[in-house]
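Chains as they are written, first to last, in the working numbering: chain A, -4 to 89; chain B, 91 to 131.
Contents: one structure, followed by commentary.
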């Protein structure tokens, strides 16, 4: 199973990625403290993009990708993915 | 990487919407089991 993100910013991408990996870092939602440890990728990352036919990418993703900092987003998601659930988020005050 | 995988597509209204992610994932041979587009306005 793979999680694909379409988040527009580096911060949002990191938040989503952490939520499905180590658990909700804001400690506000149902996934607080729940480490799903799912492999997560941003849909514009090269490893994902390589699997998508250029015509499909151009039709569905390319326009929005042009308005994003895809390098920074990819790096943020990759760092969360590679850290995995080995660094769980501590609850506030804990 | 996507072929034969189950995919959860999490989109955002100000970014790429889940329907677009799901369409690409399906075309690449994945099975989309959940697609959600969030909005934080």
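No residue lacks a Cβ here, since even glycine has one placed at the ideal position from N, Cα and C.
Values in this document were obtained by computation on a predicted structure and should not be read as measured data.
- Here residue 68 of chain A carries a helix assignment [DSSP, helix/strand/coil].
- In the structure shown, residue 99 of chain B adopts extended strand secondary structure according to DSSP, grouped into three states.
- Within the region 17 to 87 of chain A, complete beta strand (DSSP E) segments of at least 3 residues are found at 35 to 37, given in chain order.
- Using a 10 angstroms sphere on the CB of residue 98 of chain B, the tally of other CB atoms reaches 16 or more, which defines it as buried.
- Pairwise C-beta distances place the region 69 to 79 of chain A out of contact with the region 107 to 122 of chain B, as fewer than three of them are shorter than 8 Å.
- Using beta-carbon distances, residue 97 of chain B counts as an interface residue toward chain A, with a partner under 7 Å.
- Sequence-distant Cβ neighbours of residue 22 of chain A in its own chain, meaning closer than 6 Å and more than five residues away, are 86, 87.
- Neighbourhood of residue 3 of chain A in chain B, by CB distance below 8 Å: 102, 104, 105, 106, in chain order.
- At a beta-carbon threshold of 7 Å, the residues of chain B lying near residue 59 of chain A are 105, 106, ordered along the chain.
- If you compare the alpha carbons of A:27, A:6, A:5, A:4 with that of residue 15 of chain A, the shortest gap goes to A:27.
- Under the 10 Å beta carbon count, residue 63 of chain A is surrounded by 16 or more other beta carbons and is classified as buried.
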